[in-house]
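Structure record follows, encoded as structure tokens.
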Amino acid sequence: MTKTRIRFLKCDPTKANSPMSKVCTFHSHPTNAAAAADIPSAGDVFQFLNFRHLRTITAGATRLWVWDKTKATLGTVKKLGDWAEANMLTEVRRLEKAFPCAWHDPYMKLALKQLGLDWPKSREDWEAHWEEMLRNVLRIKVRVYSREGALRPHWPCRRFGSVHQRRCRSRERLCRD
Ligand SMILES: [Zn+2]
71 MTKTRIRFLK
81 CDPTKANSPM
91 SKVCTFHSHP
101 TNAAAAADIP
111 SAGDVFQFLN
121 FRHLRTITAG
131 ATRLWVWDKT
141 KATLGTVKKL
151 GDWAEANMLT
161 EVRRLEKAFP
171 CAWHDPYMKL
181 ALKQLGLDWP
191 KSREDWEAHW
201 EEMLRNVLRI
211 KVRVYSREGA
221 LRPHWPCRRF
231 GSVHQRRCRS
241 RERLCRD
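By the count of my numbering, the sequence shown reaches residue 247 at its end, each step adding exactly one.
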């Protein structure tokens, strides 16, 4: 990949709007966003289905995940499109009255609910189940990788030398010194 082939967009710490027409998008979550960095947001899921992306890659704090649309996902995309065509204006107007500056998130969760994904009340629930929910309910192809595993071999560690891998399992941060 070269600079000219990547469109770079600096976003908000909690918001990343991907260019809608791109086949593949990438965004990273701020690693200091602790608990929220390693889970997808409602916006991440909604945008992936709503826009033309075939693949989206997200880097969290310790994990990296890749989502692909397959033929099976297209059924979900169609369902979302049909629902939005019939309901978007009414629902956005209603939500704008209730949450004038924050209607996006409830709208996206409402739309996902029509697809069978009832957004869990607790973050722990979402963290534990998002992979299977995306696979089984939304029919998205999901792959999750450990960022730590992938990074470790590439970070030379002056501090721990040859015991680098073993020591770094719990103290990865030190390796970047
Ligand atoms: Zn995100």
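We treat Cβ as the ideally placed atom computed from N, Cα and C, and that holds for glycine.
Computed from a predicted model, the values in this text were never measured in an experiment.
- Closer than 7 Å to some heavy atom of ligand 1: that describes the Cβ of Asp114.
- For the segment 105-187, the continuous alpha helix (DSSP H) assignments of 4+ residues that do not extend past its boundaries occur at 112-120, 141-168, 174-184, in sequence order.
- Remark: the shortest separation between the CB of Ser111 and any heavy atom of ligand 1 falls under 7 Å.
- Looking at the DSSP output, His199 bridges to nothing.
- Taking the C-beta atoms as reference points, Leu182 is found nearer than 8 Å to Trp189.
- DSSP places Thr101 in no beta strand (DSSP E); its state is neither H nor E.
- Cβ-Cβ separation between Leu119 and Val93: approximately 15 Å, too far for a contact (criterion under 8 Å).
- Fewer than three pairs of CB atoms, one per stretch, sit closer than 8 Å, so the segment 83-91 makes no contact with the segment 143-157.
- The segment 128-141 makes no contact with the segment 155-169; the number of CB pairs closer than 8 Å stays below 3.
- Assignment of Arg213 by DSSP, reduced to helix, strand and coil, places it in the strand class.
- In this structure, the beta-carbon distance from Val136 to Arg213 falls below 8 Å.
- Annotated as proximal: Asp175 and Ala112, with beta-carbon spacing under 8 Å.
- With a contact defined as Cβ atoms closer than 8 Å, Leu208 and Leu185 qualify at about 6 Å.
- Between the C-alpha atoms of Thr143 and Lys211 there is a straight-line separation of about 8 Å.
- Closest option to Trp200, judged by alpha-carbon separation, among His99, His97, Asp108: Asp108.
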